[in-house]
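Here is the structure we will look at, set down as structure tokens.
Protein chains: 2
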Amino acid sequence: MEGGFLHLDPFRSLPKEEKNRLCQDCSISAFPKESRIFEEGKKADAVWFILSGWVRLVKRSPEGRPVTLFVVTTREPLFGVSAVGFDTYAASAIAATGAEVAKIPQRIFQHLLNTYPSFAKSIAVLSCKRIREMELTYAMAYDTVDRRIAHVLLQLSNDFGDTLFFTHREISEMAGTTVESSIRALSRFKRKGWVRSSRGKIVLLQPKELAKEER
Amino acid sequence: MEGGFLHLDPFRSLPKEEKNRLCQDCSISAFPKESRIFEEGKKADAVWFILSGWVRLVKRSPEGRPVTLFVVTTREPLFGVSAVGFDTYAASAIAATGAEVAKIPQRIFQHLLNTYPSFAKSIAVLSCKRIREMELTYAMAYDTVDRRIAHVLLQLSNDFGDTLFFTHREISEMAGTTVESSIRALSRFKRKGWVRSSRGKIVLLQPKELAKEER
DNA sequence: CAGGTAATATGATGTAAATCATAAAAATGA
DNA sequence: TCATTTTTATGATTTACATCATATTACCTG
């Protein structure tokens, strides 16, 4: 998948020679599940685009628990945290699945932003969309554990279908709760016949009922 | 303050004739404290910039309680929710203080975004910054009430100094909690000598101690 | 200025979910 | 193959906070 990110929206309409240069300057790498792409507090030197897989943006809460701020899916940028000249990442990026990621050095990103109106416009649109998405997920933080878990499962099923290969620890971190609470929520869902699960695997049997719970 | 928003970052470098046209097409209006600038779920037809005062972005949680997603201060855009062609507002905007607001019709905003690279770049930068700010405040949602209240007070004091003219209901909504919890938190802070308060007025006596609490 | 409403205050009670504890099964790996 | 770690599971305890209740005070408005 050489230069796969060049087909993504902000890059698509760049001139050919710029694209060729980007192939040189940007790297694509594969991150195994649970590995860290970048670290909260570290110097932010690049903007990242996800080519495949999911990535969680995780921040340590003042109490020390890791809180998943947002889950970024395939074809989306991990920008925000670093795009426009901030010196440190506000959150860590952790691969929620195996993930292939393109790394655009900050200097290059700035250059593209300054040089190509279409690029700037595309980034403006993408980031405004992201703000809206964040607004939608933010309100969830004040909701019950059961609904947060249901929400995470449904969100995951959008990309992965009805069979999800995640542990309760992973689910709990995405939902901002504890492993035990995640297990208990799943047990309740099981008892209602909405899901089935075994070690590292959750099967959604009645997503529609889950969606009702979510409301 | 005619066309005051034209001095703000995205507009500053627009050509003179475009600025003149904007003076025609955009309106500036004053919103009294607690009044609604736009409503969650309603058709999003404009992008707003705050010229003075504070505005809260409020979303109804699934349980029905209003949750303040973000507090936007003077000179900042209320974009996100509407900037790039979404049909409904994801949250309501409520004036947290008396506020003066410029309304840019969506059609005009699109035109500026498509026509002026500097405008697109500026919006890209502003929205990426906003994403970072949201990431920073998001983690707070999972924190204790006392720390959330302390955080809100300190944030407010950035703009308004040590004497804040807000009721406990207002504070509680910004902190995502109840009036009673807000009052109790303030009582604890009072007992420690960190704040003084009377009806509709909170005076920060020892902001540094509050900041410690916040950590 | 009397009556109503909003803000402050605090006590009592309920509850969701974190924490603590323990255990068994499954995976890992030395 | 045996020890260690991870995952799932569930029960007991604790805790922060919401909820409910009630009272007082300040304020507005007819």
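For the record, the sequence lines run as chains A and B.
Sequential numbering of the first sequence, starting at 64, is according to this note's numbering.
Sequential numbering of the second sequence, starting at 64, is according to this note's numbering.
All C-beta atoms in this analysis are idealised placements derived from N, C-alpha and C, irrespective of residue type, glycine included.
Everything numeric in this text was worked out from a predicted model, so none of it was measured.
Counterpart residues of residue i in DSSP-defined beta bridges
i	result
Phe-101 of chain B	B:Ala-156
Pro-129 of chain A	A:Arg-123
Phe-223 of chain A	In the DSSP output, where bridge partners are listed per residue, Phe-223 of chain A has none listed.
Ile-186 of chain B	DSSP, once it has assigned bridges, lists no residue as partnering Ile-186 of chain B.
Ala-162 of chain A	A:Phe-94
Leu-267 of chain A	A:Val-258
Pro-180 of chain B	None; Pro-180 of chain B has no bridge partner.
Ile-167 of chain B	B:Val-110
Thr-151 of chain A	A:Lys-106
Check whether residue i and residue j have beta carbons under 7 Å apart
i	j	result
Lys-166 of chain B	Ser-115 of chain B	no
Ala-238 of chain A	Arg-210 of chain A	no
Lys-192 of chain A	Ala-183 of chain B	no
Glu-103 of chain B	Ser-155 of chain B	yes
Arg-232 of chain B	Val-242 of chain B	yes
Val-134 of chain A	Arg-119 of chain A	yes
Asp-150 of chain A	Ser-124 of chain B	no
Leu-249 of chain A	Trp-257 of chain A	no
Ser-244 of chain B	Val-266 of chain B	no
Asp-222 of chain A	Thr-136 of chain A	yes
Trp-111 of chain B	Leu-141 of chain B	yes
Ala-158 of chain A	Phe-94 of chain A	yes
Ser-190 of chain A	Ser-190 of chain B	yes
Lys-122 of chain A	Ala-204 of chain B	no
Selected residue, minimal CA-CA separation from residue i, among the options
i	options	result
Leu-273 of chain B	B:Leu-219, B:Arg-262, B:Glu-233	B:Leu-219
Leu-216 of chain B	B:Lys-122, B:Phe-172, B:Ile-246	B:Ile-246
Glu-97 of chain A	A:Thr-160, A:Glu-236, A:Glu-81	A:Thr-160
Ser-92 of chain A	A:Lys-105, A:Arg-195, A:Ile-113, A:Leu-132	A:Ile-113
Ala-213 of chain B	B:Glu-81, B:Lys-253, B:Glu-139, B:Ile-157	B:Lys-253
Tyr-152 of chain A	A:Thr-230, A:Lys-106, A:Tyr-201, A:Phe-94	A:Lys-106
Ser-261 of chain B	B:His-174, B:Ile-234, B:Thr-230, B:Thr-240	B:Thr-230
Phe-172 of chain A	A:Ala-162, A:Ile-186, A:Thr-240, A:Gly-224	A:Ile-186
Glu-139 of chain A	A:Arg-128, A:Gly-148, A:Val-164	A:Val-164
Ala-162 of chain A	A:Leu-85, A:Trp-117, A:Gly-148	A:Trp-117
Phe-74 of chain B	B:Gly-224, B:Arg-99, B:His-174	B:His-174
Gly-127 of chain A	A:Lys-275, A:Arg-259, A:Thr-240	A:Thr-240
Gly-224 of chain B	B:Lys-255, B:Pro-270, B:Ile-234	B:Pro-270
Leu-85 of chain B	B:Lys-275, B:Lys-255, B:Pro-168	B:Pro-168
Lys-82 of chain B	B:Tyr-179, B:Arg-99, B:Gly-148	B:Tyr-179
Buried/exposed call for residue i, threshold 16 Cβ in 10 Å
i	result
Thr-226 of chain A	exposed
Phe-228 of chain B	exposed
His-70 of chain A	exposed
Asp-108 of chain B	exposed
Arg-170 of chain B	exposed
Gly-263 of chain B	exposed
Phe-68 of chain A	buried
Leu-199 of chain A	exposed
Val-188 of chain A	buried
Pro-78 of chain A	exposed
Arg-195 of chain B	buried
Glu-277 of chain A	buried
Glu-80 of chain B	exposed
Glu-236 of chain B	buried
Met-64 of chain B	Note that Met-64 of chain B has pLDDT 44, beneath the 50 cutoff, so the model's placement of it is unreliable and no number is given.
Q: Please go through the stretch 188-254 of chain B and give each complete alpha helix (DSSP H) segment of 4 or more residues, from N-terminal end onward.
A: Counting whole runs of 4 or more residues, the stretch 188-254 of chain B contains the alpha helix (DSSP H) stretches 208-223, 231-238, 242-254.
Q: May I have a chain-ordered list of the alpha helix (DSSP H) segments no shorter than 4 residues that lie completely inside the stretch 67-119 of chain B?
A: Entirely contained in the stretch 67-119 of chain B, the alpha helix (DSSP H) runs reaching 4 residues are, in chain order, 72-75, 79-88.
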